[in-house]
Structure formats: C-alpha cells, structure tokens
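Heads up: the protein sequence lines correspond to chains A and B, in order.
Going letter by letter, the first sequence gives residues 10 to 261 in the working numbering.
Going letter by letter, the second sequence gives residues 10 to 261 in the working numbering.
Ideal Cβ placement from N, Cα and C applies to all residues, glycine included.
All values reported here derive from a predicted model rather than from experimental measurement.
Number of protein chains: 2
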Amino acid sequence: MTSVSLIGLNTLPTITSGTDLVAEILDAADREAVAFQDGDILVVAQKIVSKAEGRLLPLSALAPSADAARLAEVTQKDARLVEAILSESVGTLRTRPGLMVVEHRLGHIMANAGIDRSNIGGDADMILLLPEDPDASAAALREGIAAATGSEIGVIVSDSFGRPWRMGTTGVAIGVAGPAMLLDRRGEADRDGRRLEVTEVAFADSVAAAGVLVMGEGAEGRPAVVVRGLDWTPTHQGARDGLRPAGQDLFR
Amino acid sequence: MTSVSLIGLNTLPTITSGTDLVAEILDAADREAVAFQDGDILVVAQKIVSKAEGRLLPLSALAPSADAARLAEVTQKDARLVEAILSESVGTLRTRPGLMVVEHRLGHIMANAGIDRSNIGGDADMILLLPEDPDASAAALREGIAAATGSEIGVIVSDSFGRPWRMGTTGVAIGVAGPAMLLDRRGEADRDGRRLEVTEVAFADSVAAAGVLVMGEGAEGRPAVVVRGLDWTPTHQGARDGLRPAGQDLFR
C-alpha cells in the first residue's frame with residue numbers, strides 16, 4: 010500500500026494586495042495542525058498568489074484599442090476586458106462569443122489570458138491578472154517556508170484550464186519550484202522489460218490537478234493544498250519546460 | 010484541514026485474459042489492509058481492464074488496407090498497427106511521424122487510438138486495445154465490489170493522454186461508474202457572492218489524474234488506486250458526458 014495525502018487548508022483568511030502569503034499559510038497550517046515535512050508539495054491557487062502580489066486592475070483604467078473593440082464585438086465581451094486580455098497575450102488562436110483562446114505572454118495557451126473577475130472582493134470593475142512570474146512566486150513561497158520551518162518542500166502555483174475535445178476544467182501548473190514540470194522516463198522499462206510507451210509524464214500538471222480537486226471552487230474554497238507522500242527529486246525546471254514548442258504542435 | 014487519500018495497491022499480480030479483476034483487487038486490498046469504504050473511488054488503469062477482458066490482438070492477424078499502407082509511410086509506423094488504429098477510430102485529426110491523433114470510436118480524441126504495445130507480457134507481436142465499453146467495465150467493477158464488501162464505491166477506468174500545447178501525459182477518465190464525469194457548478198456563488206467563472210469541473214478526469222500520479226509507469230506500476238475522502242454524489246453519467254460536442258470545439 011502506497012499512500013499519498015492531499016491536505017487542504019481550510020482557514021486561510023481573505024488575501025488582499027500585500028498579504029504575506031508565507032505567514033498566512035504557516036498560520037493556517039499551525040491552526041490546522043499541519044506541520045510541513047521534507048518532500049511536501051504545496052499547491053497554491055493562482056488567484057491568491059495574484060491577489061497577494063497586487064495584480065488587480067480597474068477595468069475603467071483601460072482604453073480599448075481598435076483591435077480590442079473589433080474583438081469585443083466578435084466575443085461579446087467588454088472591450089476593456091478584451092484590451093486587458095490582448096495586453097497579457099502574444100497571440101490569439103481562436104475566438105467565439107464568450108471566449109478568446111490566446112497564447113499568454115508566459116507561453117500558456119489558455120482562455121481569456123487567465124484573467125479572472127470572480128472572488129476578488131466583490132468589486133465588479135476589478136480584474137485579476139496572472140502573477141508577473143509564477144515560477145518566481147513559487148520559488149519565494151518555497152524559500153519562505155524552508156526558512157521558517159526548515160522543511161525542503163516543493164511549490165506549485167495552480168490554475169484551472171479548459172481543454173480542447175474534453176468538457177470542464179482541470180488543474181494545471183503555471184508556476185513551479187522544486188518538482189519536475191516534466192518527468193522524462195525514456196529508457197526506463199516496464200515490468201516485462203519492454204521500453205515504456207509513455208515516456209514523458211506531466212508531473213507538475215498532475216500534482217496541480219490533484220490539488221485543485223481538493224481546493225474546490227467558490228464558497229468552500231481551500232486555495233492551498235499540501236500533497237504529501239510523492240516521490241520526487243528537486244529540479245531547476247520552470248513552467249516553461251511544460252510547454253510544447255510551437256513547431257512541434259499540431260493544434261495551433 | 011480537509012484530507013483526501015490516494016491509496017495505491019502494490020500487490021496486484023500480472024493480469025491476463027480472463028483474470029477476475031474484482032477478486033484480484035479485493036485480494037490485494039485484503040493483503041494490504043485496505044478495506045473499501047462508502048464513498049471511495051477506485052481508479053483502475055485501462056491496461057489491466059483491457060488485459061482482463063482479453064482485448065489483445067496479434068499484429069500478424071491484421072491485413073493493412075490501402076489507407077493504412079499510405080498512412081504507415083507518413084507516420085513511419087507498422088502498417089498493421091496503423092490498420093488497427095484505423096479500425097478503432099471514426100476519424101483522423103492529424104498525423105506526423107510516430108503519431109496519429111484520431112477520434113476513437115468511443116469519442117475520445119487521442120493518440121494512436123490508445124493502442125498499447127508495452128507491458129503486455131513481453132510478446133512484441135501483440136497489441137492491446139481499449140476495453141469494448143469502459144463505462145460498462147467500470148460499472149461491473151463497482152457492482153462486484155459492492156456485492157463482495159457492501160461498500161458503495163465509484164469506479165473510474167483511467168488512461169494517460171497527451172495534450173495539445175502542453176508536454177507530457179496526464180491521467181484522464183475513459184470509463185466511469187458513480188462519480189460525475191462533469192460537475193456543473195453554474196448558479197453557485199463564490200465567497201463574495203459573485204457568480205463563479207469556472208462553471209464546469211472535469212471531476213472524473215481530475216480524479217483520474219490524481220490516481221495515475223500514484224500509479225506510476227513501468228516496473229513500479231500500481232494499476233489500482235483508491236481515492237478516499239472526496240465528496241461526491243452518484244450520477245448516471247458516462248465517459249461520453251465528458252466529451253466536447255464536435256460543433257462546439259474550436260480545435261478539430
């Protein structure tokens with residue numbers, strides 16, 4: 010029997026711009042009798058990382074370009090929101106009413122550049138952008154928790170992405186510090202000594218999917234989950250190591 | 010603190026055609042002191058379900074069509090394997106050397122129709138197809154375990170899929186009995202009373218991703234994982250409920 014635990018923290022307070030995330034996560038863990046251990050992977054929702062980093066923008070501050078105005082008609086979105094999406098993106102793959110699929114400046118192909126309007130304090134005029142550098146956000150959390158507890162943990166900043174062909178969202182990693190984004194298993198053999206067919210495992214994305222499953226959405230939100238019991242070795246990979254190079258991608 | 014456990018069974022024997030999977034899973038659980046409980050979700054790797062159901066085919070039995078021979082050149086694959094992929098599919102989306110992305114007859118858009126050559130007993134001439142009806146396979150496991158233990162569990166048949174835009178594979182659900190494939194959260198509110206932006210959660214895919222994370226590949230394979238502690242209500246959904254209708258898909 011091999012056991013892995015997904016431990017969701019329930020008592021994090023509302024996070025606002027400037028909140029010390031390390032301190033709040035350690036306080037919540039203390040209150041809930043969760044002591045960090047070497048090898049834990051902390052999955053943190055992008056939303057609270059962005060909030061703590063003050064990545065809020067008032068829609069009223071945005072002046073839509075002609076491109077944004079045109080796309081706002083196609084997508085039936087607020088032209089100022091489209092302007093924000095375009096500003097966060099390096100390209101647009103598809104549009105339809107309600108949806109823009111873009112290449113975010115961080116390299117992720119995602120809906121609406123990950124810009125969020127829910128759960129940001131009730132002010133409908135504010136939008137929340139992804140962290141400036143989610144790998145750096147993850148690294149800062151990793152170092153902060155190591156400094157306070159002495160525990161060598163990994164940190165993943167998670168988001169919820171939709172997917173082509175399949176309905177609904179799953180968790181993915183947009184920032185990583187410690188664990189591999191991509192686990193290369195080429196050369197390994199299966200139980201019959203045959204070369205493995207599956208040779209690259211999206212490790213951090215899979216951990217994020219597991220974490221987001223426990224987070225839930227909405228009122229019962231648990232935006233930080235400790236994943237305990239996985240076997241991993243620290244790497245220097247970042248989220249970009251999980252992106253398929255455009256030239257090798259059949260679906261752009 | 011909210012805790013979910015992923016409990017991998019380590020002592021399943023090699024599964025062959027005709028193996029009684031329910032009996033072997035119950036025996037392994039017994040040996041490893043894992044007692045099934047109401048609300049557990051058992052994630053079982055497609056590979057052992059297919060093997061138990063005898064979904065093996067000798068390559069030598071396949072006569073490639075003209076289409077298969079042509080695609081074999083494009084993809085540099087064995088023409089008999091291409092014939093098997095085409096037989097399992099209702100359409101081909103993309104091809105390149107080493108890869109065919111097809112629409113499987115079950116509706117999944119996937120690489121090489123999920124046909125597997127590894128870990129099937131060391132006989133390189135044999136291929137393994139997906140189960141005929143993975144939802145029915147899941148339902149049979151669910152009923153068998155309920156009958157033997159009295160526990161109302163859910164069952165998910167998992168596979169590992171690659172994805173556009175992102176490297177590596179993650180677990181997805183190709184068969185489900187009990188849990189929702191897709192969780193509809195429209196109408197729910199977030200902590201600020203605002204309508205949720207993420208309204209549909211790929212629940213079974215996320216559970217499969219968590220399970221596959223613990224399974225590992227290859228020599229240490231643990232092809233059955235019990236997920237304990239998730240909050241779910243039985244539904245009548247099947248894997249098809251997780252497929253995006255072709256007309257709503259921007260990436261075909």
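Using a beta-carbon distance below 7 Å, is residue i in contact with chain B?
i: A/W174; result: yes
i: A/R114; result: no
i: A/G100; result: no
i: A/M224; result: no
i: A/E209; result: yes
i: A/I124; result: no
i: A/G251; result: yes
i: A/M272; result: Because residue 272 of chain A is not part of the residues shown, which for chain A are 10 to 261, the question remains open.
i: A/D214; result: yes
Can you give the Cα-Cα distance for residue i and residue j, rounded to whole angstroms?
i: A/A38; j: A/S96; result: 37 Å
i: A/G184; j: A/F212; result: 13 Å
i: B/E41; j: B/T20; result: 8 Å
i: A/R151; j: A/A54; result: 14 Å
i: B/P232; j: A/R261; result: 34 Å
i: A/A157; j: B/L222; result: 29 Å
i: B/Q257; j: B/R195; result: 18 Å
i: A/K56; j: A/F45; result: 22 Å
i: B/P243; j: B/A88; result: 43 Å
i: A/L30; j: A/V58; result: 8 Å
i: A/V110; j: A/A186; result: 27 Å
i: B/Q85; j: B/G107; result: 6 Å
i: A/R103; j: A/T208; result: 30 Å
i: A/E197; j: B/G225; result: 12 Å
i: B/L138; j: A/D142; result: 43 Å
i: A/D210; j: A/T101; result: This sequence places Val at residue 210 of chain A; Asp is not what is there. Roughly 28 Å separates the two Cα atoms.
Against chain A, does residue i count as a neighbour if the rule is that its beta carbon must be under 7 Å from one of theirs?
i: B/T242; result: no
i: B/D47; result: no
i: B/R89; result: no
i: B/I50; result: no
i: B/L259; result: yes
i: B/L95; result: no
i: B/S59; result: no
i: B/S167; result: no
i: B/L80; result: no
i: B/I268; result: Missing from the structure shown is residue 268 of chain B; chain B here goes from 10 to 261 and no further.
i: B/M135; result: no
i: B/S269; result: Because residue 269 of chain B is not part of the residues shown, which for chain B are 10 to 261, the question remains open.
i: B/V185; result: no
When burial is assigned at 16 or more other CB atoms within 10 Å of the CB, is residue i buried or exposed?
i: B/R64; result: buried
i: A/S69; result: exposed
i: A/E33; result: buried
i: A/D240; result: exposed
i: B/L90; result: buried
i: B/A77; result: buried
i: A/L115; result: buried
i: B/V99; result: exposed
i: B/A255; result: exposed
i: A/D134; result: exposed
i: B/V83; result: exposed
i: B/G27; result: exposed
i: B/E112; result: buried
i: A/D49; result: buried
i: A/D125; result: buried
i: B/P140; result: buried
Using 8 Å for Cβ pairs, my map puts residue i next to residue j. What's the rounded Cβ distance?
i: A/Q246; j: A/A189; result: 5 Å
i: A/I162; j: A/L35; result: 12 Å between Cβ atoms; not a contact.
i: A/V43; j: A/L71; result: Actually they are not in contact, since the Cβ atoms of A/V43 and A/L71 sit about 40 Å apart, beyond 8 Å.
i: B/I136; j: B/L66; result: 5 Å
i: B/G177; j: B/S167; result: Rounded, the Cβ-Cβ distance is 15 Å, inconsistent with contact.
i: A/E62; j: A/S74; result: Actually they are not in contact, since the Cβ atoms of A/E62 and A/S74 sit about 26 Å apart, beyond 8 Å.
i: B/G220; j: B/I154; result: Their Cβ separation, rounded to whole angstroms, is 16 Å, which puts B/G220 and B/I154 out of contact at 8 Å.
i: A/R105; j: B/L191; result: No, A/R105 and B/L191 are not in contact; Cβ-Cβ is about 20 Å, not under 8 Å.
i: A/I24; j: A/K60; result: 5 Å
i: A/A218; j: B/S215; result: 5 Å
Under 6 Å from any heavy atom of the ligand HEM, does the C-beta of residue i make it?
i: A/P173; result: This structure does not include the ligand HEM; it has no bound ligands of any sort.
Could you check whether the stretch 233 to 245 of chain B touches the stretch 11 to 24 of chain B, counting it as contact only if at least three pairs of C-beta atoms, one from each stretch, sit closer than 8 Å?
yes
Given 8 Å, three or more beta-carbon pairs between the stretch 109 to 121 of chain B and the stretch 245 to 253 of chain A
no
Pairing CB atoms from the stretch 171 to 181 of chain B with CB atoms from the stretch 138 to 153 of chain B, are three or more of them under 8 Å?
no
Give, in chain order, every residue of the stretch 17 to 43 of chain A whose Cβ lies closer than 8 Å to some Cβ of chain E.
Looking for chain E here will not work: the only protein chains present are A and B.
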